[in-house]
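Its first residue numbered 20, the sequence shown is counted upward by one per residue in my numbering. Note that the Cβ used here is the ideal one computed from N, Cα and C, for glycine as well.
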Amino acid sequence: MGRRLIVVGGVAAGMSAAAKAKRVDRGMEVVVYEKSPYISYAACGMPYFIAGDVTDYRSLLARTPEQMAKQGVEVNVRHEVTTIDPDARTVTVRDLEGGREFTQGYDRLVIAIGARPVRPPLPGLDLEGVFVLRSLEEGRAIQRFLVEHGERRPRRALVLGGGYVGVEMAETFRRLGLEVKMVIRSGKVMRTTLDDDVRKLVEEELARQGVEVVTGKPVAFEGSRRLEVVVTENDDGRYACDVALLGIGVRPEVALARAAGVALGATGAIATDNASATNLPDVYAAGDCAEAFHLVTGEPVYIPMGSTANKQGRVAGTNAAGGEATFGGVVGTMVVRAFDLAVACSGLTAARAQALGYTVRETMIKAMDSSHYFPGAAPIHVKLVVDEKTDRLLGGQIVGRRGVAKRVDVLATALHHRLSVADLQRLDLSYAPPFAPVWDPILVAANVAAR
Numbered sequence: 020m021g022r023r024l025i026v027v028g029g030v031a032a033g034m035s036a037a038a039k040a041k042r043v044d045r046g047m048e049v050v051v052y053e054k055s056p057y058i059s060y061a062a063c064g065m066p067y068f069i070a071g072d073v074t075d076y077r078s079l080l081a082r083t084p085e086q087m088a089k090q091g092v093e094v095n096v097r098h099e100v101t102t103i104d105p106d107a108r109t110v111t112v113r114d115l116e117g118g119r120e121f122t123q124g125y126d127r128l129v130i131a132i133g134a135r136p137v138r139p140p141l142p143g144l145d146l147e148g149v150f151v152l153r154s155l156e157e158g159r160a161i162q163r164f165l166v167e168h169g170e171r172r173p174r175r176a177l178v179l180g181g182g183y184v185g186v187e188m189a190e191t192f193r194r195l196g197l198e199v200k201m202v203i204r205s206g207k208v209m210r211t212t213l214d215d216d217v218r219k220l221v222e223e224e225l226a227r228q229g230v231e232v233v234t235g236k237p238v239a240f241e242g243s244r245r246l247e248v249v250v251t252e253n254d255d256g257r258y259a260c261d262v263a264l265l266g267i268g269v270r271p272e273v274a275l276a277r278a279a280g281v282a283l284g285a286t287g288a289i290a291t292d293n294a295s296a297t298n299l300p301d302v303y304a305a306g307d308c309a310e311a312f313h314l315v316t317g318e319p320v321y322i323p324m325g326s327t328a329n330k331q332g333r334v335a336g337t338n339a340a341g342g343e344a345t346f347g348g349v350v351g352t353m354v355v356r357a358f359d360l361a362v363a364c365s366g367l368t369a370a371r372a373q374a375l376g377y378t379v380r381e382t383m384i385k386a387m388d389s390s391h392y393f394p395g396a397a398p399i400h401v402k403l404v405v406d407e408k409t410d411r412l413l414g415g416q417i418v419g420r421r422g423v424a425k426r427v428d429v430l431a432t433a434l435h436h437r438l439s440v441a442d443l444q445r446l447d448l449s450y451a452p453p454f455a456p457v458w459d460p461i462l463v464a465a466n467v468a469a470r
């Protein structure tokens with residue numbers, strides 16, 4: 020009888036772990052328990068499903084339980100693992116549809132139960148029209164709410180929070196014809212990922228597209244069965260709306276692991292080593308419930324991203340099946356669309372670097388994303404954050420219409436390899452008039468930073 024791997028959670032990290040473990044050890048029994056009805060779906064695609072770019076939610080499903088069964092992986096949806104007993108090496112599972120509860124033993128265990136959206140305990144949170152966007156069920160519920168009310172279809176939307184999901188959903192609501200306000204406690208869009216000079220470009224684009232950003236913190240939702248008003252703490256903070264999206268962050272889902280004795284890190288997420296192993300024997304953790312190692316700061320960090328979850332899951336699955344793999348760490352690379360702009364960052368902002376004790380040099384340039392004479396050439400802004408003492412790149416931010424994702428990946432690569440500004444200057448980057456000027460904006464920024 021082969022060894023049994025149980026994977027708790029069946030979305031990005033969980034299914035990556037399960038699939039990889041089966042490939043490493045074909046004789047291993049791999050069992051997945053997922054609380055929701057769906058596995059392995061593209062959560063980052065949900066704003067575009069709601070907007071109508073993706074017409075069928077099933078297009079977001081990368082794998083189904085039936086497909087995984089053909090690969091030898093047993094997947095049980097609508098099954099919730101309620102307890103882990105590391106001494107007995109068992110999990111207790113509740114069948115959410117059948118109502119039964121049972122115990123199953125494991126030889127290896129991967130915890131990949133993700134994160135939960137922040138839901139402050141406010142009056143009216145259960146009104147029709149108040150949503151979070153984390154699961155595929157929630158994405159489908161928002162889409163139905165926006166299209167299935169006939170003459171009572173929503174006309175005014177409030178986005179509570181200014182992170183990348185908030186920006187994406189503000190765009191989605193506007194594209195669907197709704198009036199949109201973003202209510203942000205700090206009043207700053209993407210506060211933790213952009214510096215003020217870069218943020219200004221994003222906020223100008225939001226304003227140009229009809230999105231109003233106001234400072235405030237929600238204190239209540241009002242309405243008779245259906246949402247009508249969001250109340251905020253500022254004096255004039257009563258905003259009439261028909262739909263509200265809570266986008267004020269997520270927290271790692273750690274209650275199950277903590278109750279079993281799994282150690283948490285300083286970030287509040289599950290602490291793991293570079294093999295995705297926890298402090299418990301043969302227990303691994305991956306994805307949005309786990310910490311990662313930040314390659315710039317050298318410290319644990321909690322940056323829940325689908326790309327990270329897939330990589331961590333692959334490492335956890337490899338090691339759980341007896342192979343050898345390590346997860347090198349992250350630099351916090353992300354990119355988001357804000358109407359006609361792409362907004363990207365990697366590494367540390369200047370504000371974050373200064374808070375960590377670095378003496379920084381900031382450089383921000385404006386260039387063209389392709390040769391200036393080529394049709395469609397548009398401005399692009401590149402900001403570099405450099406350690407004044409060592410000349411090492413600490414981070415970068417890019418805003419433009421085209422070529423942003425490619426260029427932020429250059430910065431991410433530089434950060435992974437601890438490159439200096441001089442190293443950036445020496446990079447042999449591609450050039451052709453439709454794609455880049457002869458001096459790529461990355462090189463222009465590096466040359467200015469070196470002066």
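Closest Cα partner of residue i within the set the options
i	options	result
G280	A290, T286, P271	A290
R108	R277, S449, D301, V423	D301
E252	I203, V221, V30	I203
L438	P105, V112, L165, V315	V315
R97	Q90, E120, G180, I103	E120
D307	L24, V129, L80, E116	V129
R23	A176, R127, P271, I69	R127
A176	G422, N466, L264	L264
M209	V221, V199, K200	V221
E157	P319, K385, Y60	Y60
M201	T83, Q228, K89, G341	Q228
V49	M65, A455, V92, V233	V92
M324	R270, V230, G256	R270
V405	A386, A274, G395, G376	G376
L197	L275, E318, E343, L165	L165
C260	M47, R171, L213	R171
Residue i (DSSP reduced to helix, strand or coil)
i	result
V217	helix
S78	helix
F150	strand
Y377	coil
R470	coil
M209	coil
A274	helix
M87	helix
V349	strand
A441	helix
T102	strand
Q123	strand
I399	strand
P456	coil
L141	coil
F393	coil
A116	One point to set straight first is that residue 116 is Glu, not Ala, in the sequence displayed. Coil at E116, not helix or strand.
I267	coil
L128	strand
R172	coil
R163	helix
K385	strand
T327	helix
T337	helix
First through last residue of the beta strand (DSSP E) which encompasses residue i
i	result
A318	At residue 318 the sequence reads Glu, which differs from the Ala that was named. It is not in any beta strand (DSSP E) - E318 carries neither H nor E in the DSSP assignment.
L360	360–366
A424	Segment 423–435 is the alpha helix (DSSP H) holding A424; no beta strand (DSSP E) there.
I25	23–27
Y450	Y450 -> no beta strand (DSSP E), and no H or E assigned at all.
L413	412–419
N95	92–96
E241	237–241
T251	248–251
V50	48–53
P136	134–136
Supposed contact pair residue j and residue i - C-beta distance, whole angstroms, cut 8 Å
i	j	result
G33	V26	5 Å
V178	V199	7 Å
A433	D447	With a Cβ gap of about 13 Å, A433 and D447 do not count as contacting.
L246	V262	7 Å
Start-to-end residues for the alpha helix (DSSP H) that takes in residue i
i	result
A31	31–43
P66	65–70
I203	Looking at the DSSP string, I203 is not in any alpha helix (DSSP H); the run it does join, the beta strand (DSSP E), is 198–203.
V186	183–194
- Determine, using beta-carbon pairs with one atom in the stretch 147–167 and one in the stretch 121–137, whether at least three such pairs fall under 8 Å. Contact holds: three or more Cβ-Cβ distances are below 8 Å.
- Can you find at least 3 beta carbon pairs, one from the stretch 427–436 and one from the stretch 392–400, that sit closer than 8 Å? Flag = no, the stretch 427–436 and the stretch 392–400 do not touch.
- Is the number of C-beta pairs between the stretch 31–48 and the stretch 332–350 that are closer than 8 Å three or more? These segments touch.
- Message: Does the structure place the stretch 349–367 close enough to the stretch 54–61 that three or more beta carbon pairs sit under 8 Å?
- Response: Segments in contact, no.
- At least three beta-carbon pairs within less than 8 Å, the stretch 238–245 to the stretch 139–149: Enough Cβ pairs lie closer than 8 Å, so yes.
- Sufficient close CB pairs (3 or more, under 8 Å) joining the stretch 183–201 to the stretch 68–81: The stretch 183–201 is in contact with the stretch 68–81.
- Message: Under 8 Å, with one C-beta from each stretch per pair, do the stretch 363–379 and the stretch 413–420 reach the 3-pair mark?
- Response: At 8 Å Cβ cutoff, the stretches touch.
- Message: Across the stretch 72–86 and the stretch 110–120, are there enough close Cβ pairs to call them in contact, namely three or more that are closer than 8 Å?
- Response: Taking one beta carbon from each stretch, the stretch 72–86 and the stretch 110–120 have fewer than 3 pairs nearer than 8 Å; the two do not touch.
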